[in-house]
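Scroll down for the structure; my scribbles are underneath it.
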Amino acid sequence: MLSESTGYIRLNRFNRNSPIELQNSISSLLNNNATSLIFDLRDNAGGLLTAAVSMLDMMIDKNTVLVSTKGRTKDSNRTFYSRRDPIIPEDIKIAILINQGSASASEIVAGSVQDLDRGIVIGQKSFGKGLVQTQYSFDDKRSIKITTARYYIPSGRFIQKRDYIDNKYIMNASDEDSIFSTLGGRTVYGNGG
């Protein structure tokens, strides 16, 4: 606890143990009467999409779109919904801390919380990694990662930095097609980070 009412959780990576560790930490903080929670995702380079979705499950209402992936193949096109009632009550305030080292799964969590007006995002512009990479193994020692899809958060924003797309025109955050609205109607901008 940072104070009598503010709980703090630092998450360095989204791995297979993250969901149970987060659930235990959140339960402990709520049992200690936390009325607000800070999730520190600074310098969190990402990790497993399933772990990020599980984290969002803990704070977003059931059956809400959390993130979508879109690619060239049918298997690449998926939509992830919250699957259960959240363990964090709606009256608990949430803040997500990010910086330029926050990437991929961290950006999905921060962007979804922002898009769904579930909390606030504080910090610097994030890394801007919105590409799904699939690893294919040749044998025990060799593999290759290939970009197979893009991540889109609930408002439809694509979180990949524009300067990484086909080395073409780099759009400004104020360009018309990069303006989106949160669930509550606030204006947010796309183009990554």
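Note that the sequence shown covers residues 57 to 249 in the numbering used here.
We put the CB at the ideal spot given by N, CA and C, even for glycine.
- The alpha-carbon separation between E60 and S81 amounts to approximately 16 Å.
- The three-state reading of DSSP puts K181 in coil, since its state is none of H, G, I, E or B.
- Approximately 6 Å separates the beta-carbon atoms of G167 and R213; this is inside 8 Å, confirming the contact.
- With respect to the C-alpha of Y207, the residue from D173, T238 and A159 having the closest C-alpha is A159.
- Collapsing the DSSP output to three states places T129 in coil.
- Separation of the CB atoms of I116 and D96 is rounded to 19 Å, and the pair is thereby denied contact status at 8 Å.
- Contact between the stretch 141-158 and the stretch 175-186 is present: 3 or more CB-CB pairs across the two stretches fall below 8 Å.
- Nearest Cα to F183 within the set R98, D131, R69 and K130: R98.
- Taking R128 as reference, the option from D195, V188, S234 and V169 with the minimal CA-CA separation is V188.
- DSSP places A205 in the uninterrupted beta strand (DSSP E) bounded by S199 to Y208.
- Taking the C-beta atoms as reference points, I143 is found nearer than 8 Å to S83.
- Going by DSSP, G63 is part of the beta strand (DSSP E) stretching over T62 to R66.
- The three-state reading of DSSP puts T91 in coil, since its state is none of H, G, I, E or B.
- Of the residues P75, R134, A108 and G63, the one whose Cα lies closest to the Cα of T204 is R134.
- Residues of the same chain with a CB within less than 8 Å of the CB of D173, apart from the 5 flanking positions on each side, are T238, L239, G240 and R242 in chain order.
- Taking 8 Å as the cut-off, the Cβ atoms of N71 and G103 count as close.
- Sixteen is the threshold: when 16 or more other Cβ atoms of the shown chains lie within 10 Å of the Cβ of Q170, as they do, the residue is buried.
- No Cβ-Cβ contact shorter than 8 Å links T120 with A90.
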